[in-house]
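*Asks:* To convert, note that position 163 of the sequence shown is 163 in the numbering used here; the numbers rise steadily by one, no gaps. Ideal Cβ placement from N, Cα and C applies to all residues, glycine included. Just so we're clear, the structure is a prediction, and the values are computed from it rather than from any experiment. Can you keep this structure in mind? I'll have questions shortly.
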Amino acid sequence: RKEAQVADEIGANFTSNQKVVVPAVKHEMTRQRVLVLQYVEGRRIDMLGDWIATGKVQGRAIVSTVMEMYIQMMLVDGLFHADPHPGNLMVTPEGKLVLLDFGMAVRVPREMRLRLIDTVFAAIRGDVDGIVDGFASLGVILPDANRAAIGALVKKLLAIASERTVTRERLEKLLAEQVLAELYEAPVVLPSDLVYFARTASLIEGLGTRYDAHFNAIEFASPIALRLRGRIMASLRGDTPPAKTGDWVVELGGLLGEVAGVVTRAGKEIAGIVGGRLFAAGLGGMTRSGVNGDSGMPPAPSTPSIMSKSSA
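Rendered as structure tokens:
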């Protein structure tokens, strides 16, 4: 029933968003160990190739909706769906995004949201010291770290991420410049509070590159996020009702995905190149941060659910 309550709350938060579907809980059929949701026709978000090829849906629009949804949960609503992977996201034939599985959810404290925002806007400004400060405030950088060395590494990563090349070329440059070796030598960790956000960043980046080889989140997001900074901060202060979302959420989502994912993404994606394939999402063997395996989190409680159909 706790999962049902989370589903109800997230559904209420997206009532006015016509691009996102949160299946309604069927309370009259739900029991202590069985969750029943509204049936919604759809297809897994990573199985849209023929729909995109025929113009039925637009890949970039789908990725933007994913950004919008997760950034609203993370920075506006403060209630975050903490199990982001393609199996929990569907797309309807009309191009709407469907969110499934509410067994893992976390509250995002206001202070954490403000720290994330500060770090994101430091990246927009190209303020390397501000990014390092933000990472320190989030617990990503150890107290005894050489901040100058971390700053130099951040500068390299941002420069490569901002290049107008396809994603594979940017990753190959990471290899060529031995940035990955520096990354693994850096005294950085991934606090447990950020594992959920890092997984989401990997999902967004993976979907973006799957459907757009030139996907570049920083270039995509920066101008609108800068212009709307005041509105973003006002929503965090509670000065304005956050229910209605718009382009600022979509654009900020791209940037947050790039900044939060730049460290956690690199290892697995480059490993994909070495092994002859690219991974769409997930953390992988983040042993330096104490995170291992595919998810980086303990498994969600096993709660049977009757949910939306996923067609191949």
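Are there 16 or more other CB atoms within 10 angstroms of the CB of I23, so buried, or fewer, so exposed?
*Replies:* Residue identity check: residue 23 is Pro in the sequence provided, not Ile. Buried: at least 16 other Cβ atoms inside 10 Å.
*Asks:* Run through the region 184-214 for me and flag every whole alpha helix (DSSP H) of 4 or more residues, listed as ranges in chain order.
*Replies:* Counting whole runs of 4 or more residues, the region 184-214 contains the alpha helix (DSSP H) stretches 192-211.
*Asks:* When the Cα of F14 is compared with those of I52, V66, L158, which residue comes out closest?
*Replies:* Measuring from the Cα of F14, the nearest candidate turns out to be V66.
*Asks:* Just verifying my parser: in three-state terms, what is the DSSP assignment at A61?
*Replies:* In this structure, A61 counts as helix in the three-state DSSP scheme.
*Asks:* So for L100, helix, strand or coil by DSSP?
*Replies:* In this structure, L100 counts as coil in the three-state DSSP scheme.
*Asks:* DSSP three-state label for F14, please.
*Replies:* Correct three-state label for F14: coil.
*Asks:* Please state whether the Cβ-Cβ distance between R43 and V91 is less than 8 Å.
*Replies:* Yes, Cβ-Cβ distance for R43 and V91 is below 8 Å.
*Asks:* Does DSSP put R31 in a helix, a strand or coil?
*Replies:* If DSSP states are grouped into helix, strand and coil, R31 belongs with the strands.
*Asks:* Kindly say whether S192, judged by its beta-carbon, lies nearer than 8 Å to any beta-carbon of chain B.
*Replies:* As a matter of chain content, chain B is missing from the structure shown, which is built from one protein chain.
*Asks:* So is V154 buried or exposed if we call it buried at 16+ other beta carbons inside 10 Å?
*Replies:* V154 comes out buried.
*Asks:* Please report how far the alpha carbon of A213 lies from the alpha carbon of D50, in whole angstroms.
*Replies:* Approximately 17 Å between the Cα atoms of the pair.
*Asks:* By the three-class DSSP mapping on this structure, what secondary structure does V108 have?
*Replies:* The answer is coil: DSSP assigns V108 none of H, G, I, E or B.
*Asks:* Give me the DSSP bridge partner(s) of M90.
*Replies:* Its beta-bridge partners are R44, V98.
*Asks:* Is there contact between the region 45-59 and the region 201-211, where contact requires at least three CB pairs shorter than 8 Å?
*Replies:* Taking 8 Å as the limit for Cβ pairs, the verdict is that the region 201-211 does touch the region 45-59.
*Asks:* In the DSSP assignment, the beta strand (DSSP E) including L79 goes from what residue to what residue?
*Replies:* 79-81 is the span of the beta strand (DSSP E), which, as asked, contains L79.
*Asks:* Tell me whether V154 sits in a helix, a strand or coil according to DSSP, three-state version.
*Replies:* In this structure, V154 counts as helix in the three-state DSSP scheme.
*Asks:* If distances are taken between C-alpha atoms only, which option among K96, L100, M73, L99 comes closest to V106?
*Replies:* Here the closest residue by C-alpha is M73.
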